[in-house]
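Peer 1:
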Amino acid sequence: MKQFFFPILILTFLLISIETTSHLQFYNSHLKTEGKGTKQIKNVVTKTFTQKLDHFDLQSQVNFTQRYYENTAYFNANDPKVFIYIGGEGELFPDDIDTGEVVDLAQKHQALLLSLEHRYYGESIPFKNETLENLQYLSSQQALEDLAYFITKYSTEINPAVENAKWISVGGSYAGALSSWLRLKFPHLVVGSLASSGPVFAKEDFYEYDQIVAASAGVDCANAIRNVTAEIAIQLNISESIKDQFNCSDIPNNVSFFYILADTTAFSIQYTNQQNQLKEKLCEIVNADDKIGYYANHTKYIFNYTNTTSVQWDMLQNSLSIQASPDYASRLWLYQCCQEFGWWQTAPAKDPLRSPLINLQYHRLVCETAFQKTMIPDCNFTNEYYGAKNPGSSNVIVPNGSLDPWHVLSILQNESLTLIARLIQGTSHCADLFPPSPTDPEDLTLAREEIAFFINSYINPCPNNCSGHGECSSNLCFCDNEYTGNDCSQFINQSTSESSSNKWKDTGITFIFLTIVLAIIVIAGFFYFKSKMKKSYVKLDTNV
């Protein structure tokens, strides 16, 4: 049994801690782009890197140009540390390493900041056309190899000042899963990872998404949306002109139309916060006299909020063009979902919020239509390759928002002393990565403090690495049986323990021996006195 050495404060802290192609893609491609890319960022420099196209073909010499950003504003070369922000399923921007939690952490640790754009997205485009053949190198496995190759080359050739640096990976949403997997697959390259809202479990039929959206909306709001969806279905059978109210006249497929309604609804729940009040705006439908009219106006509000059109929310139409462009990533993310993850947001069998027409067959049809091939995601392979919700990795913290429907696919329980899950109450998708605000929920503020604590423990591990005689977790040594001390350097004298043990053993034997002797004496005495008494009785009888 290991000996635990922690201060009371630290112990208390640890106890506290203990579609479509979806909003994941819309978040990166549209919501995050608001106000981005239009100004120069003083501290951030745009650079490129020659990346391998196929890491799994050792003979291949084909490369492509991958974009990355660098921020040296806080870097201390005398004690080198690097935070790498991982690009996800959308274009990467300089702002990603200029504001937010990753910048706050890097500033605290005087670290260099880097961000690497995901292959095929943004301007990191290997091919001009996104044909099925050209997309074969788009996968999470290749993306992780990109990160590993980049870290190695950057440390040894591009910037030798960080050759011996400690690296921390940071990512949110799909990139959060990549951050977790990077630590799992390449623990020698990154000492720890922050994996915010990372869906690590691949699942084709993700009906739970709809259930969590309904639960987060609340009973009255959810019932109002169910009723208005049913009413729209009735009117749609009479005339498709109802689509005009939603600015969806360009959506010929009726199931796709219902999907857009479901997606804008879910978006309002998934990305709500104290500033935008998206959930509250949506749920005003409960008090509306004209519920279809209110629902239509809210749908158009989301289009404006994300700077999109209805067609951009239609994965069926939006995934047909094979022309590569930084502005359109839907076909790319659809390919990854059709191939690796699934994550299809279907209508559950009981009390669906979205139309029952949104089922598994519809999603498979979308994949087949987009790529002219039957594609069923190999979720079993993905989960076996990464370990699903039990990856067995270390030095990873996984925050999730309680309102975020994606949290069900993430890690929600501490798997070990060094794989920490944190469910942040009252928050949505990737809330911890955004800059702090005075209106943040109390639990979000507390969670950021906990995240900072664990990141610090990854960068500044236990003294002397527990002298090789224990396990380090959160700056604390958990010593092996025969060692003690805050760094497990003190050897417990086993001979003394054995001598003490033998002493007690000898004492025990002596006690047992004396007990037996005493018992013999008592028994012998009993029979002796019994014999004497018998003789006395005989003598009395004779006298009589």
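FYI, in mature numbering (1 follows the signal peptide of the UniProt record, and there is no 0) the residues of the sequence shown are -23 to -1, 1 to 521. For glycine and all other residues, C-beta sits at the position ideal for the given N, C-alpha and C.
Assuming tyrosine 248 contacts glutamate 261 under a Cβ cut-off of 8 Å, what Cβ separation, rounded to an integer in Å, is found between them?
Peer 2: About 17 Å; that fails the 8 Å criterion.
Peer 1: Could you give the DSSP three-state label for glutamine 252: helix, strand or coil?
Peer 2: If DSSP states are grouped into helix, strand and coil, glutamine 252 belongs with coil.
Peer 1: Go ahead and pull the three-state DSSP assignment for valine 39.
Peer 2: Correct three-state label for valine 39: coil.
Peer 1: Might you give, ordered along the chain, the residues of its own chain that have their beta carbon closer than 8 Å to the beta carbon of asparagine 452, omitting 5 neighbours on each side?
Peer 2: Cβ within range, chain order: Ile(-14), Asn433, Ser434, Asn437, Pro438 and Cys439.
Peer 1: Go through its chain and collect everything with a Cβ distance to proline 303's Cβ below 8 Å, but skip five positions before and after it.
Peer 2: If we look at proline 303 and ignore the five residues flanking it on each side, its Cβ neighbours are Glu68, Tyr98, Gly99, Glu100 and Ile102.
Peer 1: Hey, could you find the ends of the beta strand (DSSP E) tryptophan 144 is sitting in?
Peer 2: From DSSP, the beta strand (DSSP E) with tryptophan 144 extends over 143 to 149.
Peer 1: Taking buried to mean at least 16 other C-beta atoms within 10 Å of its own C-beta, is tryptophan 481 buried or exposed?
Peer 2: Note that tryptophan 481 scores a pLDDT of 49, beneath 50, so its modelled location is shaky; the value from the coordinates is reported in the next line. It counts as exposed.
Peer 1: In terms of alpha-carbon separation, which member of Phe455, Arg96 and Ile228 lies closest to phenylalanine 41?
Peer 2: Considering only alpha carbons, the answer is Arg96.
Peer 1: From what residue to what residue does the alpha helix (DSSP H) around tryptophan 310 run?
Peer 2: Segment 307 to 313, the alpha helix (DSSP H) holding tryptophan 310.
Peer 1: Rounded C-beta distance between serine 450 and arginine 160? I'm assuming under 8 Å.
Peer 2: Wrong, their Cβ atoms sit about 15 Å apart, outside the cutoff.
Peer 1: Go through its chain and collect everything with a Cβ distance to aspartate 409's Cβ below 7 Å, but skip five positions before and after it.
Peer 2: These residues qualify, in order along the chain: Glu78, Ser173, Pro376, Ile401, Leu421, Ala424, Arg425 and Ile428.
Peer 1: Kindly provide the ranges of any alpha helix (DSSP H) runs that are 4 or more residues long and lie completely inside the segment 388 to 467, ordered along the chain.
Peer 2: Those alpha helix (DSSP H) runs which fall completely within the segment 388 to 467 and span 4+ residues are 419 to 436.
Peer 1: Mark histidine 165 as exposed unless 16 or more other C-beta atoms lie within 10 angstroms of its C-beta, in which case mark it buried.
Peer 2: That one is exposed.
Peer 1: Which same chain residues, not among the five before or five after glutamine 212, have their C-beta less than 6 Å away from its C-beta?
Peer 2: So the list reads Ile219, once near-sequence residues are dropped.
Peer 1: Going by beta carbon distance, what residues of the same chain come within less than 7 Å of threonine 49, once the five residues before and after it are set aside?
Peer 2: Same-chain partners within the cutoff: Leu89.
Peer 1: List, from N- to C-terminal side, the alpha helix (DSSP H) runs of 4 residues or more that fit wholly inside the segment 316 to 379.
Peer 2: With a minimum length of 4 residues, the continuous alpha helix (DSSP H) runs that stay inside the segment 316 to 379 are 337 to 348 and 356 to 363.
Peer 1: What is the residue span of the beta strand (DSSP E) that phenylalanine 26 lies within?
Peer 2: Residues 21 to 29.
Peer 1: Please tell me whether alanine 179 and cysteine 356 are closer than 8 Å, where the distance is taken between their beta carbons.
Peer 2: A contact, by the Cβ cut-off of 8 Å.
Peer 1: Indicate the three-state DSSP secondary structure (helix, strand or coil) for glycine 153 in the structure shown.
Peer 2: Helix, per DSSP.
Peer 1: Give me the DSSP bridge partner(s) of glutamate 47.
Peer 2: Answer is Val22 and Leu91, bridged to glutamate 47.
Peer 1: Hey, is the segment 342 to 358 in contact with the segment 191 to 207, meaning 3+ C-beta pairs nearer than 8 Å?
Peer 2: No contact exists between the segment 342 to 358 and the segment 191 to 207.
Peer 1: Can you tell me which of the three DSSP states phenylalanine 234 falls into?
Peer 2: In this structure, phenylalanine 234 counts as helix in the three-state DSSP scheme.
Peer 1: Applying the criterion that 16 or more other CB atoms from any shown protein chain within 10 Å of the CB defines a buried residue, is valine 39 buried or exposed?
Peer 2: Exposed, since its Cβ has fewer than 16 Cβ neighbours within 10 Å.
Peer 1: What's the C-alpha gap between lysine 9 and glycine 462?
Peer 2: In this predicted model, lysine 9 has a pLDDT of only 49, less than 50, meaning its place in the structure is not dependable; the value taken from the coordinates is given anyway. Their backbone Cα atoms lie some 49 Å apart in a straight line.
Peer 1: Cα separation between serine 150 and isoleucine 469?
Peer 2: Roughly 47 Å between the two C-alpha positions.
Peer 1: What residues in its chain sit with their C-beta under 7 Å from that of valine 263, if we drop five residues either side in the sequence?
Peer 2: Asp197, Cys198 and Ala201, listed in sequence order.
Peer 1: Taking a contact to mean a Cβ-Cβ separation below 8 Å, would you say tryptophan 321 touches aspartate 182 in this structure?
Peer 2: Their beta carbons are under 8 Å apart, which means tryptophan 321 touches aspartate 182 by this criterion.
Peer 1: Using the C-alpha atoms, what's the distance from glutamate 459 back to tyrosine 362?
Peer 2: Their Cα atoms are separated by approximately 37 Å.
Peer 1: Does the separation of the CB atoms of isoleucine 374 and phenylalanine 455 fall below 8 Å?
Peer 2: No, Cβ-Cβ distance for isoleucine 374 and phenylalanine 455 is not below 8 Å.
Peer 1: What does DSSP give as the partner residues of serine 302 in its beta bridges?
Peer 2: Answer by DSSP bridge pairing, in chain order: Tyr305.
Peer 1: Helix, strand or coil: which one does DSSP assign to glycine 64?
Peer 2: Here glycine 64 sits in coil by DSSP.
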